[in-house]
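In this note's numbering, the protein residues as written are 113 to 572. Positions of the beta carbon are idealized from the N, C-alpha and C atoms, including for glycine. The block underneath contains the structure these notes are about, expressed in structure tokens.
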Amino acid sequence: MEKGRMRTERDDLGEIRLPEEALYGCQTARAMENFPLGQKVNPLLIGAVVEVKKAAAAVYRKLCPEEAEKWDAILWACDQLLAGGYEEQFSTAALQGGAGTSTNMNVNEVIAGLARRRLGPEGGMVHPLDDVNRGQSTNDVYPTALRIAAIRLIRILSDSCAGLQEALQQKETAFEDVLKLGRTELMDAMPVTLGQEFGAYAQAIARDRWRIYKAEERLRQVNLGGTAVGNGTSASRRYGWLVVEQLRQQTGIGLAKAEYPMDITQNNDVFVEVSGLLKALAVTLVKLSGDLRLMNSGPRGGLGEIVLPKLQMGSTIMPGKVNPVIPEMVTQVGIRVMAHDSAIAMAASMGNFELNAFLPLIADSLLDSLQLLIGAVDLLREKCILGLQANGEGCREHLDRSAVMIALLAPVLGYDQAASLLREAGGDPGKIRQLALEKQLLEAEELDRLLDYRRAVRNL
């Protein structure tokens with residue numbers, strides 16, 4: 113089809129000019145004019161809407177066998193879109209008025225356009241609303257599609273977290289004998305091993321992995337068949353049950369028809385809950401990234417307890433400088449996810465009566481959070497944790513310079529006497545031991561036993 117040629121279509125608002133090669137129609141074109149914001153609807157959401165349309169067409173193929181040719185054309189069109197290659201046909205903005213109606217109409221029109229081409233001029237008409245959208249509303253299609261897209265990403269993110277957890281556990285084992293100074297409130301604290309620290313990181317990621325894995329259960333109930341307000345107006349009960357079953361088989365996701373579809377249509381607290389779990393992972397990642405940056409700081413003027421993989425030049429003016437770019441990237445992802453969580457909570461709280469007009473913001477924010485976290489977790493594992501090395505000498509140097517040994521003596525000497533000993537020694541760890549022996553506060557054998565850091569870190 114020759115590009116540059118135009119065609120004219122008409123709707124209730126009047127005529128509109130469209131590119132001849134465009135599969136979409138008036139409603140999509142008007143949405144593109146009304147919301148020229150740049151950022152488009154997430155392709156995963158578009159794909160999930162197409163799958164909903166495919167499930168509906170398959171059901172009507174059974175319920176209306178006399179229209180088999182039409183439904184076969186719609187099913188073919190859906191398969192073509194799911195196979196890819198039509199991305200330019202979906203150009204509506206992610207943030208749009210109408211609770212997602214523009215996205216639903218975009219898909220309806222493109223499917224109808226493709227199906228008409230399949231049937232040809234003698235094959236009859238396929239209408240985007242009367243046929244592709246039959247028995248449906250944006251208000252049950254859009255949230256159902258969002259649940260499908262989110263569940264798929266949740267499964268990937270859960271697996272990514274499992275990979276990060278395993279990498280951290282590998283470092284826990286590798287660093288189990290690397291003694292270092294513990295820190296609380298960034299001040300010297302009891303001795304630990306580097307392995308113990310990485311073991312604690314692994315435990316935190318394990319909790320996030322489990323929470324995210326279980327989040328799928330919250331999203332499996334769908335309101336498909338509920339149409340505009342959740343009570344099923346304009347859709348038969350038989351269709352309502354069959355379409356959810358068809359979608360379950362089609363996607364391989366354990367979807368279930370909501371017991372009270374009106375609840376699912378008007379309330380979006382489930383997305384708030386899931387986003388909160390993503391925020392919890394973001395918090396863990398930001399904290400972990402901050403620790404990595406501090407332990408890697410230096411190489412001469414910082415802590416220098418670990419060495420992160422060197423990935424790129426860190427300065428345009430200071431030769432040899434290498435920055436901890438992966439933890440910095442992960443931190444920014446975490447901040448963005450926290451911001452998305454706030455946006456989702458605000459949008460969900462602003463629904464009115466039977467519908468939330470701000471579901472497009474919830475959808476875009478939730479899917480973006482999931483995709484960002486998947487990328488950040490994978491990159492943190494691949495480009496940071498796996499290649500991370502311990503600087504055992506640096507760790508031991510900080511430990512030996514500290515006066516943390518006084519905390520190991522306090523249970524035997526008493527807090528006040530230990531504090532007095534610390535003051536008299538001026539905080540010098542070597543003088544603490546010397547004074548303890550001179551004052552005959554402890555026998556040398558007992559003193560050495562108490563100051564055995566390896567015993568201390570294992571609480572033996």
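> Contact between the region 262-275 and the region 485-493: three or more CB pairs below 8 Å?
Replying inline: Enough Cβ pairs lie closer than 8 Å, so yes.
>> Nearest by alpha-carbon distance to Gln151: which of Pro472, Gln362, Ile376, Ala227 is it?
In response: Pro472
>> Could you compute how far the alpha carbon of Gly212 sits from the alpha carbon of Tyr254?
In response: 6 Å
> Are the region 226-239 and the region 186-204 touching by the rule of at least three beta carbon pairs closer than 8 Å?
Replying inline: Judged by Cβ distances under 8 Å, the region 226-239 makes contact with the region 186-204, as three or more pairs qualify.
> Going by alpha carbons, who is nearest to Leu553 out of Ser427, Arg142, Val524?
Replying inline: Val524
>> Just to confirm the assignment: which complete alpha helix (DSSP H) runs, minimum length 4, are found wholly within the region 409-497?
In response: 437-461, 471-492
> Whose CA, out of Arg330, Ala522, Leu390, lies closest to the CA of Asn380?
Replying inline: Arg330
> beta strand (DSSP E) containing Pro303: first to last residue?
Replying inline: 299-305
>> Would the region 242-251 count as touching the region 334-347 if we require 3 or more Cβ pairs under 8 Å?
In response: yes
>> Just to check my reading of the structure: Ala502 and Val290 have Cβ atoms closer than 8 Å, yes? What is that Cβ distance to the nearest angstrom?
In response: Right, their Cβ atoms sit about 5 Å apart.
> For the region 255-325, which segments carrying the beta strand (DSSP E) assignment without a break, of at least 3 residues, lie completely within its bounds, in sequence order?
Replying inline: Inside the region 255-325, DSSP marks whole beta strand (DSSP E) runs of 3 or more residues at positions 291-296, 299-305, from first to last along the chain.
> Which one of Val355, Ala327, Leu534, Arg323 has the shortest CA to CA distance from Gly338?
Replying inline: Val355
>> Give me the DSSP bridge partner(s) of Ile128.
In response: Glu121
> Which residue from Gly416, Ala134, Gln139 puts its Cα closest to that of Tyr198?
Replying inline: Ala134
> Shortest alpha-carbon distance to Gln282 belongs to which of Ala515, Ala316, Leu500?
Replying inline: Leu500
>> Using only CA atoms, which one of Ala457, Leu359, Trp353 lies nearest to Val382?
In response: Ala457
> What residue range is occupied by the uninterrupted alpha helix (DSSP H) comprising Tyr136?
Replying inline: The continuous stretches of alpha helix (DSSP H) do not include Tyr136, and DSSP gives it neither H nor E.
> Cβ of Met374 within 8 Å of Cβ of Val341?
Replying inline: yes
> Along the chain, which unbroken stretches of the alpha helix (DSSP H) at least 4 residues long are found entirely within the region 344-421?
Replying inline: 349-363, 373-378, 381-408
>> On a Cα-Cα basis, can you pick out the residue from His452, Ala167, Leu562, Thr120 that is closest to Glu385?
In response: His452
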